[in-house]
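Working notes for the structure below.
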Amino acid sequence: MGEVIFGSGGVVPAAELPDVELYHAKTWITKYVFSQDAKVIAVQYSITAMAIGVVALVLSWLMRLQLGFPGTFSFISAEGYYQFITMHGMIMVIYLLTALFLGGFGNYLIPLMVGARDMVFPYANMLSYWLYLLAVLVLVASIFAPGGPTGAGWTLYPPQAILGGTPGAEAGIILMLLSLILFIIGFTMGGLNYVVTVLQGRTRGMTLMRMPLTVWGIFTATVMALLAFPALFVAAVMMLFDRTLGTSFFMPSLVSMGEHLKYGGGSPILWQHLFWFFGHPEVYIVALPAFGIVSDLISVHARKAIFGYRMMVWAIVIIGALSFVVWAHHMYVSGMNLNFGFFFAVTTLIIAVPTAIKVYNWVLTLWHADIHLTVPMLFALGFVVTFVNGGLTGLFLGNVVVDLPLSATMFVVAHFHMVMGVAPILVVFGGIYHWYPKVTGRMMDDRLGKLHFWVTFLGAYAIFFPMHYLGLIGVPRRYYELGETAFIPKSAETLNVFITLAALIVGAAQMVFLFNLVRSLFNGRLAGGNPWNATSLEWQTPETPPAHGNWGKELPVVYRWAYDYSVPGAERDFIPQNQPPAGVAAQATITAVSAAH
Amino acid sequence: MVVALVLVLVAVGSVVFHLLSPWWFTPIASNWGYIDATINITFWITGFVFSAVVLFMAYCVFRFRHVDGRRAAHQPESTRLESWLGIATAVGVAAMLAPGLFVWSQFVTVPAGTAELEVVGQQWQWSFRLPGKQGRLGTSDPQYVSADNPLGLNPNDPKGRDNIVIVGDDLHLPIGKPVKLLLRSLDVVHDFWVPEFRAKMDLLPGLVTYFWFTPTKVGTYEILCAGFCGIGHPQMRGSVVVEEENAYQAWLGKQQTFEQLTKKQLAKK
Ligand code: HEM
Ligand SMILES: [Cu+2]
Ligand SMILES: [Cu+2]
Chain A
13 MGEVIFGSGG
23 VVPAAELPDV
33 ELYHAKTWIT
43 KYVFSQDAKV
53 IAVQYSITAM
63 AIGVVALVLS
73 WLMRLQLGFP
83 GTFSFISAEG
93 YYQFITMHGM
103 IMVIYLLTAL
113 FLGGFGNYLI
123 PLMVGARDMV
133 FPYANMLSYW
143 LYLLAVLVLV
153 ASIFAPGGPT
163 GAGWTLYPPQ
173 AILGGTPGAE
183 AGIILMLLSL
193 ILFIIGFTMG
203 GLNYVVTVLQ
213 GRTRGMTLMR
223 MPLTVWGIFT
233 ATVMALLAFP
243 ALFVAAVMML
253 FDRTLGTSFF
263 MPSLVSMGEH
273 LKYGGGSPIL
283 WQHLFWFFGH
293 PEVYIVALPA
303 FGIVSDLISV
313 HARKAIFGYR
323 MMVWAIVIIG
333 ALSFVVWAHH
343 MYVSGMNLNF
353 GFFFAVTTLI
363 IAVPTAIKVY
373 NWVLTLWHAD
383 IHLTVPMLFA
393 LGFVVTFVNG
403 GLTGLFLGNV
413 VVDLPLSATM
423 FVVAHFHMVM
433 GVAPILVVFG
443 GIYHWYPKVT
453 GRMMDDRLGK
463 LHFWVTFLGA
473 YAIFFPMHYL
483 GLIGVPRRYY
493 ELGETAFIPK
503 SAETLNVFIT
513 LAALIVGAAQ
523 MVFLFNLVRS
533 LFNGRLAGGN
543 PWNATSLEWQ
553 TPETPPAHGN
563 WGKELPVVYR
573 WAYDYSVPGA
583 ERDFIPQNQP
593 PAGVAAQATI
603 TAVSAAH
Chain B
110 MVVALVLVLV
120 AVGSVVFHLL
130 SPWWFTPIAS
140 NWGYIDATIN
150 ITFWITGFVF
160 SAVVLFMAYC
170 VFRFRHVDGR
180 RAAHQPESTR
190 LESWLGIATA
200 VGVAAMLAPG
210 LFVWSQFVTV
220 PAGTAELEVV
230 GQQWQWSFRL
240 PGKQGRLGTS
250 DPQYVSADNP
260 LGLNPNDPKG
270 RDNIVIVGDD
280 LHLPIGKPVK
290 LLLRSLDVVH
300 DFWVPEFRAK
310 MDLLPGLVTY
320 FWFTPTKVGT
330 YEILCAGFCG
340 IGHPQMRGSV
350 VVEEENAYQA
360 WLGKQQTFEQ
370 LTKKQLAKK
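Here the protein sequences line up with chains A and B, keeping their order.
Just so we're aligned, residue 13 is where the first sequence starts under this note's numbering, counting upward by one.
Just so we're aligned, residue 110 is where the second sequence starts under this note's numbering, counting upward by one.
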């Protein structure tokens, strides 16, 4: 390889701005409850997201019990089943994954990785979490509302979502829409923070092209979310009006159960466009942070620079941009003008190219590497396998004509669980095992971690890989029961039983994880400041866990990119980002202006 | 070692599962065999890529796993390799997209002279309407729906009087004749799907959607609803009977027109 020196060299610019003065919490409550410290907010986000995630996991058990053993469990009614899938889907996508990646990982890692003391708007950041918590509570409240939560499917398609034939059309749907609205307001407060912090809050020497890919992934996903969520926001407000004020944004004239309703003139397909204009980018809002994080996991644990960093950055940005022009691939059979199919099939399959390049670069990073099979590395490998599998089945569904037989079948369910369910969740786990020592100062248990990995990775593969074939036969999704269906062979039932058993086992393995998470807090081996010998800034903090303000008296100065692993001639196999090149004395930063006060 | 072995097993196991799987498409009964062909091409290409990537990973994990004293190579990028891989991917993608778009262009082009008939969805049953002797479908609107007029035909539209209305019964189709289904819903979104015909399409209130196909095999096929439409969604079934022309004509002769239906209802009252 050539003699290019990556992201190094150049003079470190002088500080343009004085160091910031932070709000100093004086009481326990302002320190740990109404905290403005991004690290505390990150933990609050993560715990809330995982708590509600457990609900979604339990719901998946109930759904699988019904599909594996239809009619056996009298407590699962058709109404219940549809409420379960709706809550499960919505919680997993929005309240768990989006909140965890952006609110959790984003809050913790962005300031530390770019060398800032905190987010730039700490107060708005605090509000962001409390609005998120309120959104979660409203969602939970809908479970106890008269008529129960909405059972409209996570896509909430009108007119069905607000009419009597769907469970939860009384109060459940109203609470669901309110909860989404709250979530989006809260997210916007956090999201603006993440974006401005990355753009304006970087320390000296931290150029954009020296940032770890984790920051790139979270940053791009946040920009996308800020552009995509407004579509869902307006759609939710409009549907709320349709439901409560009798407007007809999405409601044409119709007869529901023999009754003429007073709606007229609206368009149900308008909702679908608004929903998927949000919904497709949402897939990448979950995927891009995962891409970023997994790149760093692979690089650190393979002791090798991520292969093709610049291409990786561009791929993230291009994928982010393209994902705003593919939304209607969810609507090939929606009744929109069929000619749109040509356009959206082409744009959709084009995204495969930058995505594939990312995959190649992940696996090429392993080539001639020094692979440490730590728990985070295992999860990263598991992610690549799962993501490649799920990404490739996307080429089926994106290719408009192939979508004709496969849409709305279990093939789709298998595809999106692989690509945006299991794959990102594996990264979440990998990330937690990786950064837990920084957050708590202790390591998580290795053996429990490996057990957790193997059961989760292989189990999830066993659930979702065979499920594609149910879809090929023609087993539809969102079917409470199949009943007697001539073209579906008996063996499909056996397969369903197998999938259900695998789902129960995978669910149980998550208890091992939670146990490990809590126990290591007290019993974990002490980690030290940089247990993985990593280069990026969060591992170079003066204290572990990092104190309020992150950096002690002086901000770090960055001299190189985040991937100086196994540099020939270097003494150790990693060079921290804030280590000056040989011969250059560390530059003193101006001491915090606050010192003058 | 174990990790590499498991990765190999995942790759090989997936391919073996695919080859041995008894779970496959239902035998096709329409002209859309091209769709199956496109799916098969896609399976081959994606299966190859999946195996290649996972086996490559397995090799790396086996060959470059940490042992004392190993140090990773320094190879931050290779624009050449990345470009070549990008181009190869683009070619693979094009190989799937090209047949896909070719078949799609047939799907969007309804052949001239294709017979039209209407499918109406409501929670939770399928109904059908065929043109009568005049060969045209009259207008309709949900506001006309009543016990006597379940599909909401416009009673003032003379074109609708002789339309054949089928509620709560099977649809029959003559074999080998292309047919264009006009789809309409009275309440929520549904989706008309016969797995043996491969194609499907949503039905929406306030809009008429369509798709076409040619039935190619005699038999009775189940209609499923593939658009979630409330708690009765899985029970929203119906049947399509594909038969020879003379059997079809015999069936057609026994059906009632809209006019006959309303008269009969009036007589009952
Ligand atoms: C072991 C883990 C999981 C299992 C066993 C599971 C199982 C299921 C099942 C059985 C359904 C309903 C299928 C149907 O009848 O249509 C479903 C739907 C869904 N799941 Fe999961 N799931 C799991 C994890 C996840 C994760 C991590 C996500 C995150 C993206 C997710 C997102 C969804 C979505 C969006 C739906 C669609 C809901 C709808 O149709 O409205 N699931 N899941
Ligand atoms: Cu339906
Ligand atoms: Cu339905």
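Beta carbons are placed, not taken as given, at the ideal position from N, Cα and C, and that holds for glycine.
Computed from a predicted structure; not experimentally measured.
task: Just the chain B side, please: which residues come within less than 9 Å of proline 161 of chain A by C-beta, in chain order?
output: Correct list: empty, because the minimum Cβ distance to chain B is about 14 Å.
Next on the checklist: Using a Cβ-based criterion (distance less than 7 Å to any ligand heavy atom), does glycine 336 of chain B qualify as near ligand 3?
Outcome noted: Remark: the C-beta of glycine 336 of chain B is in contact range of ligand 3, defined as less than 7 Å to any heavy atom.
Own chain, CB closer than 6 Å to threonine 248 of chain B, minus 5 neighbours either side, in chain order: Shown here for threonine 248 of chain B: same chain residues with a beta carbon closer than 6 Å to its own, the five before and five after excluded, namely Asn263 and Asp266 in chain order.
With 8 Å set as the bound, which would you pick, yes or no: does the beta-carbon of lysine 309 of chain B sit closer than that to a beta-carbon of chain A?
At least one chain A Cβ lies under 8 Å of lysine 309 of chain B.
* Asked: Given a threshold of 16 other Cβ atoms within 10 Å of its Cβ, counted over all protein chains shown, does alanine 61 of chain A qualify as buried or as exposed?
  -> With 16 or more Cβ atoms within 10 Å of its Cβ, alanine 61 of chain A is classed as buried.
field: Counted within 10 angstroms of its Cβ, other Cβ atoms place lysine 309 of chain B as buried (16 or more) or exposed
entry: Its Cβ being crowded by 16 or more others within 10 Å, lysine 309 of chain B is buried.
* To do: Find the residues of chain B that neighbour histidine 272 of chain A, judging by a C-beta separation of less than 8 Å, and give them in chain order.
  => When 8 Å is used as the limit between beta carbons, histidine 272 of chain A is near these residues of chain B: Pro251, Gln252 and Val254, in chain order.
Below 8 Å between beta carbons: does that hold for methionine 610 of chain A and proline 293 of chain A? This structure leaves residue 610 of chain A out entirely; chain A is present only between 13 and 609.
Item to check | Proximal residues of chain A, C-beta to C-beta of glycine 222 of chain B below 7 Å | outcome: What glycine 222 of chain B touches in chain A: nothing, since even the nearest Cβ is about 19 Å away.
| said: Here's a check: name, in chain order, each residue in its chain whose Cβ is nearer than 7 Å to the Cβ of alanine 607 of chain A, leaving out the five neighbours to either side. | reply: Reliability fails at alanine 607 of chain A, whose pLDDT of 37 lies under 50, so the model's placement of it is uncertain and the value that follows must be treated cautiously. If you ignore the 5 residues before and after alanine 607 of chain A, its C-beta comes within less than 7 Å of no other C-beta in its own chain.
Excluding five sequence neighbours on each side, which residues of the same chain lie with their C-beta closer than 7 Å to the C-beta of alanine 594 of chain A?
Exclusion of the five residues before and after alanine 594 of chain A leaves no residue of its chain whose Cβ lies closer than 7 Å to its Cβ.
| Can you tell me whether glycine 163 of chain A is buried or exposed, with buried defined as 16 or more other CB within 10 angstroms of its CB? | With 16 or more Cβ atoms within 10 Å of its Cβ, glycine 163 of chain A is classed as buried.
**Prompt:** For the beta strand (DSSP E) that contains threonine 360 of chain A, what are its first and last residues?
**Reply:** Note, threonine 360 of chain A: premise wrong, no beta strand (DSSP E); alpha helix (DSSP H) at 352-377.
query: Among all the DSSP beta bridges, which residues are the ones paired with serine 139 of chain B?
result: Partner(s): B:Pro324.
Can you tell me the Cα-Cα spacing of glycine 453 of chain A and leucine 538 of chain A, whole angstroms? Between glycine 453 of chain A and leucine 538 of chain A, the C-alpha separation is close to 6 Å.
Exposure label - histidine 36 of chain A; buried when at least 16 CB within 10 Å:
Around the Cβ of histidine 36 of chain A, a 10 Å sphere holds fewer than 16 other Cβ atoms; the residue is exposed.
Closer than 8 Å to chain B by CB, serine 532 of chain A
The beta-carbon of serine 532 of chain A is placed no less than 8 Å from the nearest beta-carbon of chain B.
Is methionine 345 of chain B near ligand 3 - that is, is its Cβ less than 7 Å away from at least one heavy atom of it? A heavy atom of ligand 3 is found nearer than 7 Å to the CB of methionine 345 of chain B.
Could you check where the alpha helix (DSSP H) with glycine 230 of chain B kicks off and where it finishes?
Note, glycine 230 of chain B: premise wrong, no alpha helix (DSSP H); beta strand (DSSP E) at 224-231.
- Message: Please state the DSSP three-state secondary structure of methionine 223 of chain A.
- Response: Annotated three-state conformation of methionine 223 of chain A is coil, per DSSP.
If the cut-off is 8 Å on Cβ atoms, which residues from the region 114-125 of chain B count as contacting chain A, listed in chain order? Listed in sequence order: Val115, Leu116, Val119 and Ser123.
In terms of residue numbering, what span does the beta strand (DSSP E) encompassing proline 283 of chain B cover? Run containing proline 283 of chain B: 280-283, per the beta strand (DSSP E) assignment.
May I ask you to check if the CB of threonine 135 of chain B is nearer than 7 Å to at least one heavy atom of ligand 1? Checking the Cβ of threonine 135 of chain B against ligand 1 gives no.
Point to revise | Inter-residue spacing [alpha-carbon to alpha-carbon] between isoleucine 281 of chain A and proline 264 of chain A | key: Each residue's Cα considered, the two are about 10 Å apart.
* To do: State the DSSP-derived secondary structure class of glutamine 78 of chain A, mapped to helix, strand or coil.
  => Of the three classes helix, strand and coil, the one that applies to glutamine 78 of chain A here is helix, per DSSP.
Q: Indicate whether at least one CB of chain A lies closer than 8 Å to the CB of histidine 281 of chain B.
A: Histidine 281 of chain B does not count as touching chain A.
Checklist line | Of the residues A:Val524, A:Ser503 and A:Tyr473, the one placed nearest glycine 461 of chain A, counting alpha carbons only | finding: Among A:Val524, A:Ser503 and A:Tyr473, the Cα nearest to that of glycine 461 of chain A is on A:Val524.
task = Give the C-beta separation of serine 307 of chain A and methionine 324 of chain A to the nearest angstrom, bearing in mind that I take them to be a contact with Cβ-Cβ under 8 Å.
result = The beta-carbon distance between serine 307 of chain A and methionine 324 of chain A, rounded to whole angstroms, is 6 Å. This is short enough to meet the 8 Å contact definition.
Item checked: Interface flag, leucine 282 of chain A vs chain B, CB-CB below 8 Å -> For leucine 282 of chain A, no Cβ of chain B is located within less than 8 Å of the residue's own Cβ.
Within 10 Å of its beta-carbon, does aspartate 130 of chain A have 16 or more other beta-carbons around it, so buried, or fewer, so exposed?
Aspartate 130 of chain A is buried by the Cβ-count criterion.
_How far does the beta strand (DSSP E) with valine 351 of chain B in it extend, from its first residue to its last?_
347-352 is the extent of the beta strand (DSSP E) around valine 351 of chain B.
**Asked** Quick one: is glycine 339 of chain B near chain A, going by C-beta distance under 8 Å?
**Response** For glycine 339 of chain B, the answer is yes, since a Cβ of chain A falls inside 8 Å of its Cβ.
Subject >> Spatial neighbours of proline 275 of chain B in its chain, beta-carbon cut-off 8 Å, leaving aside the 5 residues before and after >> reply: One detail in the question is off: residue 275 of chain B reads as isoleucine in this sequence, not proline. If we look at isoleucine 275 of chain B and ignore the five residues flanking it on each side, its Cβ neighbours are Ser236, Phe237, Arg238, Leu239 and Gln364.
Discussion item. Just to confirm before moving on: does the CB-CB distance between valine 673 of chain A and phenylalanine 408 of chain A stay below 8 Å?
Written reply: Residue numbering for chain A in the displayed model covers 13 to 609; residue 673 of chain A lies beyond these limits and cannot be assessed.
Determine the burial state of methionine 221 of chain A: buried for a count of at least 16 other Cβ atoms within 10 Å of its Cβ, exposed for fewer. Taking every protein chain shown into account, the CB of methionine 221 of chain A has fewer than 16 other CB atoms within 10 angstroms, so this residue is exposed.
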